[in-house]
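Top to bottom, those sequences are chains A and B. Read in order, the letters of the first sequence correspond to residues 571 to 685 in our numbering. Read in order, the letters of the second sequence correspond to residues 21 to 133 in our numbering. Beta carbons: idealized from backbone N, C-alpha and C, even for Gly. From a predicted model like this one, the values you see are computed outputs, not experimental measurements.
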Amino acid sequence: NAGVMQNPRHLVRRRGQEARLRCSPMKGHSHVYWYRQLPEEGLKFMVYLQKENIIDESGMPKERFSAEFPKEGPSILRIQQVVRGDSAAYFCASSATSGVYNEQFFGPGTRLTVL
Amino acid sequence: QKEVEQDPGPLSVPEGAIVSLNCTYSNSAFQYFMWYRQYSRKGPELLMYTYSSGNKEDGRFTAQVDKSSKYISLFIRDSQPSDSATYLCAMANSGGSNYKLTFGKGTLLTVNP
Chain A
571 NAGVMQNPRH LVRRRGQEAR LRCSPMKGHS HVYWYRQLPE EGLKFMVYLQ
621 KENIIDESGM PKERFSAEFP KEGPSILRIQ QVVRGDSAAY FCASSATSGV
671 YNEQFFGPGT RLTVL
Chain B
21 QKEVEQDPGP LSVPEGAIVS LNCTYSNSAF QYFMWYRQYS RKGPELLMYT
71 YSSGNKEDGR FTAQVDKSSK YISLFIRDSQ PSDSATYLCA MANSGGSNYK
121 LTFGKGTLLT VNP
């Protein structure tokens, strides 16, 4: 059973470009979470999605960031007009159901570098 | 004051040593306490999970939670070189948003053969 898959593993963008990060949850998981890990910081919750629904986006920056989890295909975290401060590791996690009793399994992360 | 404080280390110990890792927190609503292990360039993986106060043991690992002091610990006995990793504490509150994990910065541990 494959774990959480994220691609690309490394992404380099110039300022002003768009970044698209993909996350395929574990088989059978319908709950997806995105976290961001800035240099020298802990992981910070960004957004929680279920299929076709954004449940909680309280950790998402108000501008330039969006997330989706369509009925078919991976979850996408999209960052428009990237700036140097967006350089970070972005981790996706998935769970079978929601709630802290249900372990969130993390992917290997996408390391975004903005030049 | 950050919600979760964790000494980033680095911490270097000889093989076989007992390791103590700690976090403090300020949010009294936290009820769920977790320790994750993260190897370099990998995602975090859950090691231990504890609800409210008390101790939990799993093999060489023991997690302790002291809610009165807002202090949690992870002890590793007979540490091995394969334990070398970054250890992250994470917490969640009770109620509807308990999926939202709040992490410490992580402590980098190296166990030397």
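Under 9 Å from the C-beta of residue i: neighbouring residues of chain A
{"i": "valine 24/B", "result": "Gly612"}
{"i": "tyrosine 119/B", "result": "His601, Tyr603, Phe615, Tyr618, Ile625, Asp626, Ser665, Ser668, Gly669, Val670, Asn672 and Gln674"}
{"i": "leucine 108/B", "result": "Gly612 and Leu613"}
{"i": "phenylalanine 50/B", "result": "The premise fails here: phenylalanine 50/B is roughly 10 Å from chain A at the closest Cβ pair, so nothing lies under 9 Å."}
Cβ distance (whole Å) where residue i is taken to contact residue j below 8 Å
{"i": "isoleucine 96/B", "j": "valine 39/B", "result": "4 Å"}
{"i": "isoleucine 649/A", "j": "aspartate 656/A", "result": "6 Å"}
{"i": "valine 33/B", "j": "serine 99/B", "result": "6 Å"}
{"i": "leucine 66/B", "j": "methionine 54/B", "result": "6 Å"}
{"i": "proline 28/B", "j": "leucine 128/B", "result": "7 Å"}
{"i": "serine 72/B", "j": "lysine 87/B", "result": "7 Å"}
Candidates the options, of which the one nearest residue i by Cα
{"i": "tryptophan 604/A", "options": "Glu642/A, Ser628/A and Ala572/A", "result": "Ser628/A"}
{"i": "arginine 681/A", "options": "Gly79/B, Asp78/B, Val24/B and Ser60/B", "result": "Ser60/B"}
{"i": "serine 114/B", "options": "Leu108/B, Met54/B, Glu25/B and Phe50/B", "result": "Phe50/B"}
{"i": "valine 602/A", "options": "Leu581/A, Arg592/A and Glu611/A", "result": "Arg592/A"}
{"i": "leucine 608/A", "options": "His599/A, Phe661/A and Ser665/A", "result": "Phe661/A"}
{"i": "proline 640/A", "options": "Ile624/A, Met630/A and Lys632/A", "result": "Ile624/A"}
{"i": "glutamate 622/A", "options": "Glu638/A, Arg654/A, Glu610/A and Arg634/A", "result": "Glu638/A"}
{"i": "proline 631/A", "options": "Gln651/A, Gln587/A and Glu642/A", "result": "Gln651/A"}
{"i": "alanine 112/B", "options": "Ala666/A, Asn672/A and Ala658/A", "result": "Asn672/A"}
{"i": "glycine 677/A", "options": "Met596/A, Arg590/A, Arg585/A and Leu581/A", "result": "Met596/A"}
{"i": "serine 48/B", "options": "Met68/B, Lys22/B and Pro101/B", "result": "Lys22/B"}
{"i": "lysine 614/A", "options": "Gly116/B, Cys109/B, Asn132/B and Pro133/B", "result": "Cys109/B"}
{"i": "serine 46/B", "options": "Val131/B, Gly124/B and Lys62/B", "result": "Gly124/B"}
Buried versus exposed call for residue i [16 or more other C-beta atoms within 10 Å across all chains shown]
{"i": "arginine 606/A", "result": "buried"}
{"i": "glycine 126/B", "result": "buried"}
{"i": "glycine 612/A", "result": "buried"}
{"i": "threonine 106/B", "result": "buried"}
{"i": "arginine 686/A", "result": "Nothing about residue 686/A can be read from this structure; chain A reaches only from 571 to 685."}
{"i": "leucine 121/B", "result": "buried"}
{"i": "arginine 57/B", "result": "buried"}
{"i": "aspartate 78/B", "result": "exposed"}
{"i": "arginine 579/A", "result": "exposed"}
{"i": "valine 85/B", "result": "buried"}
{"i": "proline 30/B", "result": "exposed"}
{"i": "leucine 94/B", "result": "buried"}
{"i": "serine 668/A", "result": "buried"}
Amino acids of chain A, ordered along the chain, whose beta-carbon sits closer than 8 Å to that of residue i
{"i": "proline 64/B", "result": "Leu613, Phe661 and Phe676"}
Interface partners of residue i on chain B, CB under 9 Å
{"i": "glycine 598/A", "result": "The contacting residues do not exist; glycine 598/A stays about 17 Å from chain B at best."}
Counterpart residues of residue i in DSSP-defined beta bridges
{"i": "glycine 74/B", "result": "Val85/B"}
{"i": "lysine 62/B", "result": "None; lysine 62/B has no bridge partner."}
{"i": "asparagine 132/B", "result": "Pro34/B"}
{"i": "glutamate 25/B", "result": "Thr44/B"}
{"i": "phenylalanine 635/A", "result": "Ile649/A"}
{"i": "methionine 68/B", "result": "Trp55/B"}
{"i": "alanine 663/A", "result": "Tyr603/A and Phe676/A"}
{"i": "glycine 583/A", "result": "The residue asked about is misnamed: residue 583/A is arginine in this sequence, not glycine. Paired residues: Val684/A."}
Neighbour list for residue i in chain B, Cβ cutoff strictly below 7 Å
{"i": "glutamate 673/A", "result": "Leu66"}
{"i": "glycine 679/A", "result": "Gly63"}
Contacts of residue i in chain A (Cβ-Cβ under 7 Å)
{"i": "glycine 126/B", "result": "Gly612"}
{"i": "phenylalanine 123/B", "result": "Gly612 and Leu613"}
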